[in-house]
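Protein chains: 2
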Amino acid sequence: MADQLDSTFAALADPTRRAILAMLLEDDMAVTDVAEPFEMSLAAISKHLGVLTAAGLVSQEKRGRVKWCKLEPDALRGASVWMQGFGQMDAIDLDAFEAFLAKELD
Amino acid sequence: MADQLDSTFAALADPTRRAILAMLLEDDMAVTDVAEPFEMSLAAISKHLGVLTAAGLVSQEKRGRVKWCKLEPDALRGASVWMQGFGQMDAIDLDAFEAFLAKELD
DNA sequence: GTTTTATTTGAGTATTTTGAAAAATACGAG
DNA sequence: CTCGTATTTTTCAAAATACTCAAATAAAAC
């Protein structure tokens, strides 16, 4: 659980990766096409996609020699909910939220 | 803006720092009291608080020789709005939040 | 088969982050 | 002023990150 939030937030903490997610919002894309607008090498983008995939934010499916990358927006839900809890503390069950946060540490 | 999101997400990508935020949800606290429940050294916690403060998630006010740490939940707004671009979350979705808590607590 | 296209992997390097430990600073109390 | 408490800073080492380039793999195309 802690790992899930760790890897999600860490994946989002990089502008290249956020830009990739924004691109994938439009459409599924091949790795080469994802890399095209960036200055960076293809290998570097491939690694960024690996980080996003490890966090569950992107899934990759190989068809032929092309690997298609697909946004998995549901993976943002845990992190988004975690954050929104802070903005809404007066409106929710504080004890349950803190129990959750405490448990997350183990 | 990119910098702001970078530092916010990076700050959240650490379970110790998320636990600190959760503690500050209860009340403002002195650095020493923040550090108390952790195994880590006080200096390490002071640095974590520095990361959170640099990201704007916490503010620190020195009164006498004690520095009080205060949660700044509004600082999460930028990141929260960014996530909303992905459509996985309504602006306010307490039902999802509670469902998430229920699911993660068992 | 050989070549081309798509993508990953590994080696090497530079930078950043994390934490401990000890020294330094800041300030109230006696 | 001196002492003890609160907190930060510095120094140092280990681990993680983010690249590049070159080599390796995989599968289509010729």
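Note that the protein sequences, when read in sequence, are chains Z and A. Residue numbering for the first sequence follows numbering that gives the first Met the number 0, starting at 0 and increasing by one per position. Residue numbering for the second sequence follows numbering that gives the first Met the number 0, starting at 0 and increasing by one per position. Backbone N, C-alpha and C define an ideal beta-carbon position, used for all residues, glycine too.
How many whole angstroms separate the CB atoms of residue i and residue j, which I take to be in contact at a CB cut-off of 8 Å?
i: L70 of chain Z; j: L23 of chain Z; result: 4 Å
Is it buried or exposed for residue i, if we count other Cβ within 10 angstroms and need 16 for buried?
i: T31 of chain Z; result: exposed
i: L41 of chain A; result: exposed
i: V65 of chain Z; result: exposed
i: D2 of chain A; result: exposed
i: G84 of chain A; result: exposed
i: M28 of chain A; result: buried
i: K46 of chain Z; result: exposed
Can you name, in chain order, every residue of its own chain whose Cβ lies under 8 Å from the Cβ of residue i, other than the five neighbours on each side?
i: A10 of chain A; result: R16, V50, L51, A53, A54, L56
i: D26 of chain Z; result: none
i: V33 of chain A; result: I19, M22, L23, I44, L48, C68
i: S58 of chain Z; result: T52, C68, K69, E71
i: L93 of chain A; result: Because the pLDDT of L93 of chain A is 49, which lies under 50, any placement of that residue in the model is unreliable, and the question is left without a value.
i: W81 of chain Z; result: L4
i: K61 of chain Z; result: W67
Determine which residues share a DSSP beta bridge with residue i and list them.
i: V57 of chain Z; result: Z:L70
i: R62 of chain Z; result: Z:V65
i: A9 of chain Z; result: The partner list for A9 of chain Z (beta bridge, DSSP) is empty, contrary to what the question assumes.
i: A29 of chain A; result: A:W67
Quick one: residues in its chain with C-beta nearer than 7 Å to the C-beta of residue i, no 5 flanking neighbours on either side, listed in chain order?
i: A78 of chain A; result: L4, T7, F8
i: E35 of chain A; result: none
i: F37 of chain Z; result: T15, I44
Leaving aside the five residues before and after residue i along the sequence, list all residues of the same chain whose C-beta is less than 6 Å from its C-beta, in chain order.
i: D13 of chain Z; result: none
i: D73 of chain Z; result: none
i: Q87 of chain A; result: Because Q87 of chain A carries a pLDDT of 46, less than 50, the predicted location of this residue cannot be relied on, and no value is offered for it.
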